[in-house]
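Just so you know, the UniProt record's numbering puts the end of the sequence shown at 215, numbered straight through with nothing missing. Glycine included, every Cβ here is placed at the ideal spot set by N, Cα and C. Report on the structure given below.
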Amino acid sequence: MASSSSSTDTSPLVTSRSAQSSEQVLCRICLDSTGHDLIAPCRCRGTQKFVHRSCLDSWRAAKEGSAFSRCTECRATFHLRANVPHDRWWRRLKFQLLVMRDHAAIVLAAQLVVAFLGLVVYLLYGRELKEMFGYSRHPYGFYSLAVVVALLSGLSYGFFVSIICGQRISNRHYHVLAKRELSQEYVVQTINDGEEAPPSLDPVHVNELKRLGLY
Numbered sequence: 001m002a003s004s005s006s007s008t009d010t011s012p013l014v015t016s017r018s019a020q021s022s023e024q025v026l027c028r029i030c031l032d033s034t035g036h037d038l039i040a041p042c043r044c045r046g047t048q049k050f051v052h053r054s055c056l057d058s059w060r061a062a063k064e065g066s067a068f069s070r071c072t073e074c075r076a077t078f079h080l081r082a083n084v085p086h087d088r089w090w091r092r093l094k095f096q097l098l099v100m101r102d103h104a105a106i107v108l109a110a111q112l113v114v115a116f117l118g119l120v121v122y123l124l125y126g127r128e129l130k131e132m133f134g135y136s137r138h139p140y141g142f143y144s145l146a147v148v149v150a151l152l153s154g155l156s157y158g159f160f161v162s163i164i165c166g167q168r169i170s171n172r173h174y175h176v177l178a179k180r181e182l183s184q185e186y187v188v189q190t191i192n193d194g195e196e197a198p199p200s201l202d203p204v205h206v207n208e209l210k211r212l213g214l215y
């Protein structure tokens, strides 16, 4: 009877402790407990211990500096495992081609804007401009001059816009995309209790991350 009552008394306590421990297994970024990719990547404890791998990779890609390879809270170095694909050079080349495509699209859009504005000016003030520059009797000279001015203006404006917009896009968008791809190549592992020093990466990978300012 005593043993049965003791087991009956302690079972709610065990249940409450297990429920409390299960409630603490939350992702510290999205505060969600669902998913099977919850890991403990650093020395943080309590509600800061677990994080979804996908959330951590997004955080590593968005944050600057050593947040790619270190925890921003406890400053512990992540256990990184190199998972560099064999076709990495092709992926890098394809990424650079996509960047060049976007920059060319920006320049082309600027050219179209300049051409549209030039067409509007010609439709509104074409006759007055011909008389002003003395091309009323020789309209082909006026057309040639308008084309040259439009090309020079379009190239100058497109070059300026591509530099300003391209730099901002590269610093924000492409930089994050490149780091997100790097987060798939350098995978964060779970830290087991009792492990002190993270396993060392190959010096080639360490030098690459240091060169990029990510280690």
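Beta carbon of residue i nearer than 7 Å to that of residue j
{"i": "A67", "j": "I191", "result": "no"}
{"i": "V206", "j": "A61", "result": "no"}
{"i": "F50", "j": "L38", "result": "yes"}
{"i": "G154", "j": "V114", "result": "yes"}
{"i": "Y174", "j": "V121", "result": "no"}
{"i": "Y157", "j": "A110", "result": "yes"}
Where residue i falls, given that 16 or more other Cβ within 10 Å makes a residue buried
{"i": "G46", "result": "exposed"}
{"i": "R53", "result": "buried"}
{"i": "L124", "result": "exposed"}
{"i": "residue 221", "result": "A query on residue 221 cannot be resolved here, the shown segment of the chain reaching from 1 to 215 and no further."}
{"i": "C27", "result": "buried"}
{"i": "L80", "result": "buried"}
{"i": "D57", "result": "buried"}
{"i": "F116", "result": "exposed"}
{"i": "K179", "result": "buried"}
{"i": "S22", "result": "Residue placement at S22 cannot be trusted, given a pLDDT of 47 that sits under 50; what the coordinates show is reported in the next sentence. It is exposed - the Cβ of S22 has fewer than 16 other Cβ atoms within 10 Å."}
{"i": "F160", "result": "exposed"}
{"i": "T8", "result": "Only weak support is given to the placement of T8: the predicted model assigns it a pLDDT of 43, under 50, and the value that follows is read from those uncertain coordinates. Exposed, since its Cβ has fewer than 16 Cβ neighbours within 10 Å."}
Expected contact under 8 Å - CB spacing of residue i and residue j to nearest Å
{"i": "C44", "j": "C74", "result": "5 Å"}
{"i": "S69", "j": "L214", "result": "6 Å"}
{"i": "W59", "j": "I106", "result": "The pair is not a contact, with the Cβ atoms about 29 Å apart (cut-off 8 Å)."}
{"i": "K63", "j": "T72", "result": "7 Å"}
Determine contact between the region 83–95 and the region 185–192, defined as no fewer than three beta-carbon pairs at a distance below 8 Å.
yes
Sequence ranges, beta strand (DSSP E) only - wholly within the UniProt domain "RING-CH-type" (19–81), length at least 3:
none
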